[in-house]
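If you use this note's numbering, the sequence shown corresponds to residues 1378 to 1462, in order. Idealized CB from N, CA, C, for every residue including glycine. In this text, all values refer to a predicted model and were calculated from it rather than measured experimentally.
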Amino acid sequence: LERAEEVIFQKRLIICFICLGNKTLPFNVYVYLYSKPRNLSKHFKRKHLLNIQEDESLECKLYKIPLIYKIEFQCYTVQVYRTIL
């Protein structure tokens, strides 16, 4: 987990902060390091953005920040984690 936290503060993120915050996932899934930031962007769009329901409550589980709207979630992802969508 220490290595995963180091990766978050690199220039561009190569680990999914949503998966990292989800301890119900198998270890190799929630600490998976993508080889390139664009691969993380693809994962993020396919697995997370496309599956957000209209009334779903969102939260950054790493920083415990509630995010009310999908657009707020997207902006937060770009600003805090530098993930390009």
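Close Cβ partners of residue i (< 8 Å) along its chain, the five nearest in sequence each way excluded
i       : result
Asn1399 : Tyr1407, Lys1438
Leu1390 : Val1384, Pro1414, Leu1417, Tyr1458, Arg1459, Thr1460
Gln1430 : none
Phe1421 : Cys1393, Ile1395, Thr1454, Thr1460, Leu1462
Lys1388 : Arg1459
Proximity to residue i [Cα-Cα], best of the options
i       : options                            : result
Leu1410 : Lys1424, Cys1393, Pro1403, Phe1421 : Cys1393
Asn1428 : Cys1452, Lys1447, Val1455          : Lys1447
With 16 other Cβ atoms within 10 Å as the buried cut-off, status of residue i
i       : result
Ile1442 : exposed
6 Å Cβ shell around residue i - same chain, five flanking residues per side excluded
i       : result
Ile1395 : His1425
Leu1444 : Leu1435, Phe1450, Tyr1453
Cutoff 7 Å; reference residue i; Cβ partners in own chain excluding five residues on either side
i       : result
Gln1456 : none
Leu1397 : Ala1381, Tyr1407, Val1408, Leu1439
Leu1402 : Cys1396
One or two residues paired with residue i in a DSSP bridge
i       : result
Leu1410 : Ile1392
Exercise for the section: Mind listing, in chain order, the continuous beta strand (DSSP E) runs of no fewer than 3 residues lying wholly within the segment 1422 to 1450? Expected result: 1435 to 1437, 1442 to 1444
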